[in-house]
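Here the structure is laid out as structure tokens; the discussion comes afterwards.
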Amino acid sequence: MGYIAYADMKRHSNAESTGSDGATSLLRYNLPSHSLMAQAVAMYNWDIDDKCSSLNITADYLSRSAADKITTHTTDAGGTRQATTSARQASDMLRIRPIWKKVMRNNDELTAGLDYQYANLHESNHGGTATASTHATGHTPAMFATYTGHIADELTYEAGLRAQYDKMDVNTEGTRNRYSRWSVNPSASLTYDIDKQRGHTITLQYEHYTDQLPYGAISTFRNYLEPNHYATGNPAIKPSSGDMGQITLTLHGKFTMYARYYYDKNPIYFTNETDPDDPRLLRSMPRNGHYEQDFSIGMEQSLKPLKWWSLKATERFGLSSASTPDWKVSGQTYWTFLIDNDLKFTPTFGGGIYAYIDPKRHTGDETWGTVWEITCSLYKTFLNDRLTLSLYAKPYRKGRTVTVDNGLYRSMRRTMTKEEYLSLTLRFNFGSGKMKPRHAARSTQTYQKIEKTL
């Protein structure tokens, strides 16, 4: 399986910014970007016996190149000024996963395997007096095992263990940052079928996790959010880790309620501080905090009003607290609501409608205003599903207002951009067409960006 995707976007946005002195500036941004992504996935599968025991080996290669540019036009009492910064990025990522699965006579399963991930990233940035290049490499070898068993017909349990070694080496203009760590991550779950025929179940879950190496947070590209405020990456950032526990109740196989708690060590947050090279500028940069903990409850409903229409509605309420070198907060609340409609008119033609509400919340030293968003999509496949033509649209979005107040700096930024857009995407899959789902090669990795956005 493989694909090549090219994206060419020209975004424009507007904002209004009020600084500590009460002066207001009108901002206009031009943000052209180009990206080319190619991925190839190869898989070998050997069915060992008639009980579905198997050996599966997957190799996944992902290549991404991108060019970003931001031109800021600032209008205030002093007139109109213009500033431009740009960045070129290239990344190569490889992941190899051999997995062995043994199905026992009583249908219990033992799964064991190896997992190796490699990444190589290059980036160069230009703009004004800020010019820098970054080269980063990372290796993550790991081994894991999971056992799934049954007690009678109603109770299913699973226990897993993953041991991994993370190593990342980042070189920025002669400054070198190295990170390496061993970690052991256990997991366990217990599911009780209250009533199988009606689809009633309850599940308990626990997981100790280590996040992947944060390649997306090391970029030194300066993204100017305001005339005197920019966001950039941090080559010295480290991955976070933590513990998560959850209880989930499902009724009729359609209605789900859950309560979740997690405690995150070394969480990645964005600090707001004075630029050490220019005290007139505010810099937002990702850093590692001391801890972050969150308790949330949520509900999810899955319905099928029509044969070709499925929808899922999700509501979530949460209570969080965090501690960083810059601030400490507790008792911050939030809630979100989203509805996702999946439309499948024919086996090769479908689409979706997605609506999202994120009300006002406090996070760290920032206050985020309410966001509303609606997006739509249509797709059509050709050539036995190898060629996909997709149309994406955002007919409405209410932008966010962000207020920063940390004693050092106070500002209010209101997004005024009309974000309605149309996007047309053409994707071609290299392969032999349709395959049996159990033997199909699937992607095992993605390129994740960690950035400050509104």
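Note that the sequence shown covers residues 65 to 518 in our numbering.
We put the CB at the ideal spot given by N, CA and C, even for glycine.
Since the structure is predicted, the reported quantities are computational estimates derived from the model, not experimental observations.
- Return the bridge partner residues of ASN352 from the DSSP annotation. Locating residue 352 in the sequence shown gives position 288, counting from the first residue. For ASN352, which the question treats as bridged, DSSP gives the partners ILE332.
- Message: Strictly by DSSP, which residues pair up with SER304?
- Response: Translated into the one-based positions of the sequence shown, residue 304 becomes position 240. DSSP output for SER304 lists no bridge partner at all.
- Message: DSSP three-state label for ALA281, please.
- Response: Mapped onto the sequence shown, residue 281 falls at position 217. Helix, per DSSP.
- Task: Report yes or no: do three or more beta-carbon pairs, one from the region 427 to 442 and one from the region 452 to 469, lie closer than 8 Å?
- Result: The region 427 to 442, when compared against the region 452 to 469, does touch it at the 8 Å Cβ threshold.
- Task: Decide yes or no for the touch test of the region 171 to 178 against the region 127 to 139: beta carbon pairs closer than 8 Å, at least 3 of them.
- Result: With a cut-off of 8 Å, the region 127 to 139 and the region 171 to 178 do not count as touching, because too few Cβ pairs lie within range.
- Message: Could you give the first and the last residue of the continuous beta strand (DSSP E) run that contains THR378?
- Response: Sequence index remark: in the sequence shown, residue 378 carries index 314 (1-based). Start and end: 373 to 387.
- Message: Considering Cα atoms alone, identify which of ILE403, HIS426 and ALA386 is closest to TRP373.
- Response: Numbered from its first residue, the sequence shown carries residue 373 at position 309. When only C-alpha atoms are compared, the closest one is ILE403.
- Query: Can TYR326 and GLY353 be called in contact, C-beta distance under 8 Å?
  - Reply: Position 262 of the sequence shown, counted from the start, is the residue given in the question as residue 326. Position 289 of the sequence shown, counted from the start, is the residue given in the question as residue 353. Between TYR326 and GLY353, the CB-CB gap reaches or exceeds 8 Å.
- Counting Cβ pairs, one atom from each stretch, are 3 or more of them under 8 Å apart for the region 220 to 239 and the region 315 to 325? With the rule of 3 Cβ pairs closer than 8 Å, the region 220 to 239 does not count as touching the region 315 to 325.
- Message: As a quick exercise: from ARG262, TYR322, GLU173 and SER99, pick the residue whose alpha carbon is nearest that of SER360.
- Response: For this step, residue 360 is matched to residue 296 along the sequence shown. Answer by Cα proximity: TYR322.
- Message: So for LEU367, helix, strand or coil by DSSP?
- Response: The residue labelled residue 367 in the question sits at position 303 within the sequence shown. Shown here, LEU367 sits in a strand according to DSSP, grouped into three states.
- Count the other CB atoms, across all protein chains shown, that sit within 10 Å of the CB of TYR108; report buried if there are 16 or more and exposed otherwise. The residue labelled residue 108 in the question sits at position 44 within the sequence shown. Residue environment: TYR108 is assigned as exposed (fewer than 16 neighbouring CB atoms within 10 Å of its CB, all protein chains considered).
- Starting from the N-terminal side, write out each stretch of the beta strand (DSSP E) that is 3 residues or longer and does not extend beyond the region 160 to 244. Complete beta strand (DSSP E) runs here, min 3: 173 to 190, 196 to 215 and 219 to 236.
- Query: Looking at the structure shown, is ASP114 part of a helix, part of a strand, or coil, going by DSSP?
  - Reply: By 1-based counting over the sequence shown, the position of residue 114 is 50. Coil at ASP114, not helix or strand.
- Message: Just verifying my parser: in three-state terms, what is the DSSP assignment at ALA522?
- Response: The first residue shown for the chain is 65 and the last is 518, placing residue 522 beyond what the model contains.
- When the Cβ atoms of the region 368 to 383 are set against those of the region 337 to 350, are three or more pairs found closer than 8 Å? The answer is no - the region 337 to 350 does not touch the region 368 to 383, with fewer than three Cβ pairs under 8 Å.
- Using a threshold of 8 Å, state whether the C-beta atoms of LEU100 and SER129 are closer than that. Position 36 of the sequence shown holds residue 100. Position 65 of the sequence shown holds residue 129. Closer than 8 Å, so yes.
- Message: Bridge partners for GLY414 per DSSP, in chain order?
- Response: Position 350 of the sequence shown, counting from 1, holds the residue named residue 414. Answer by DSSP bridge pairing, in chain order: LYS408 and TYR443.
- Per-residue DSSP class, three states only, for THR148: Here residue 148 refers to the residue found at position 84 when the sequence shown is read from its first residue. When secondary structure is reduced to three states using DSSP, THR148 falls in the strand class.
- Message: Could you pull the DSSP bridge partners for THR434 from this structure?
- Response: As a working note, residue 434 is residue 370 in the sequence shown. THR434 pairs with nothing; no bridge assigned.
- Query: Assuming ALA209 contacts GLN228 under a Cβ cut-off of 8 Å, what Cβ separation, rounded to an integer in Å, is found between them?
  - Reply: Residue numbering aside, residue 209 sits at position 145 when the sequence shown is read from its first letter. Residue numbering aside, residue 228 sits at position 164 when the sequence shown is read from its first letter. Not quite, the Cβ-Cβ distance comes to about 13 Å (not below 8 Å), so this is no contact.
- Say whether the region 228 to 240 touches the region 256 to 263, bearing in mind that this needs 3 or more beta-carbon pairs closer than 8 Å, one atom from each stretch. Taking one beta carbon from each stretch, the region 228 to 240 and the region 256 to 263 have fewer than 3 pairs nearer than 8 Å; the two do not touch.
- Where do the N-terminal and C-terminal ends of the beta strand (DSSP E) with ASP469 fall, by residue? The sequence position of residue 469 within the sequence shown is 405, counting from 1. For ASP469, the uninterrupted beta strand (DSSP E) segment begins and ends at 465 to 469.
- Task: Look up GLY395 in the DSSP assignment and say whether it is helix, strand or coil.
- Result: For the purposes of this step, residue 395 is taken as residue 331 along the sequence shown, with counting starting at 1. Assigned with DSSP and collapsed to three states, GLY395 falls in strand.
- Please confirm whether ASP233 and THR204 have their CB atoms less than 8 Å apart. Against the sequence shown, residue 233 aligns to sequence position 169. Against the sequence shown, residue 204 aligns to sequence position 140. In this structure, ASP233 lies away from THR204, with their beta-carbon atoms at least 8 Å apart.
- Please name the residue or residues paired with GLY309 in a DSSP beta bridge. Taking the first residue of the sequence shown as position 1, residue 309 is located at position 245. BP columns for GLY309 point to TYR270 and TYR325.
- Message: Which same chain residues end up closer than 6 Å to GLN396 when comparing Cβ atoms and leaving out the 5 residues on each side of it in sequence?
- Response: To locate residue 396, count along the sequence shown from 1; it is residue 332. For GLN396, same chain residues with a beta-carbon under 6 Å away, outside a window of 5 residues either side, are SER384 and HIS426 in chain order.
- Item | Presumed contact (8 Å Cβ cut-off) between ALA295 and TYR270, rounded CB distance | As a working mapping, residue 295 is identified with position 231 in the sequence shown. As a working mapping, residue 270 is identified with position 206 in the sequence shown. Not really, about 35 Å apart at Cβ, beyond 8 Å.
- Query: Nearest-angstrom Cα distance between TRP164 and SER118?
  - Reply: Counting from 1 along the sequence shown, the entry for residue 164 is found at position 100. Counting from 1 along the sequence shown, the entry for residue 118 is found at position 54. One C-alpha to the other measures close to 6 Å.
- Message: Rounded to the nearest angstrom, what separates ASN287 and THR267 at their Cα positions?
- Response: Here residue 287 refers to the residue found at position 223 when the sequence shown is read from its first residue. Here residue 267 refers to the residue found at position 203 when the sequence shown is read from its first residue. Counting only the Cα atoms, THR267 lies some 43 Å from ASN287.
- Item | Residue from GLU187, GLU218 and HIS293 whose Cα sits closest to the Cα of ALA281 | Along the sequence shown, one-based indexing puts residue 281 at 217. Selection GLU187, GLU218 and HIS293 evaluated against ALA281 yields GLU187 as nearest (Cα-Cα).
- Item | C-alpha distance - GLN153 paired with SER283, whole-angstrom precision | Residue mapping note: residue 153 aligns to position 89 of the sequence shown, counting from 1. Residue mapping note: residue 283 aligns to position 219 of the sequence shown, counting from 1. Approximately 9 Å between the Cα atoms of the pair.
- Query: Are the beta-carbon atoms belonging to PHE285 and ALA200 less than 8 Å from one another?
  - Reply: In the sequence shown, the residue the question calls residue 285 occupies position 221. In the sequence shown, the residue the question calls residue 200 occupies position 136. Contact: no.
- Message: On the CB-based measure, 16 or more other CB atoms within 10 Å of its CB, does THR193 come out buried or exposed?
- Response: Counting from one through the sequence shown, the residue named residue 193 turns up at place 129. In this predicted model, THR193 has a pLDDT of only 48, less than 50, meaning its place in the structure is not dependable; the value taken from the coordinates is given anyway. Result: exposed.
- Item | Cβ-Cβ separation, ALA457 to TYR485 (assumed contact under 8 Å), whole Å | Residue numbering aside, residue 485 sits at position 421 when the sequence shown is read from its first letter. Residue numbering aside, residue 457 sits at position 393 when the sequence shown is read from its first letter. Cβ atoms of TYR485 and ALA457 come within 8 Å of each other, at about 7 Å.
- Message: If you reduce the DSSP assignment to three classes, tell me which class ARG347 lands in.
- Response: Numbered from 1 along the sequence shown, position 283 holds the residue referred to as residue 347. ARG347: strand per DSSP, three-state reduction.
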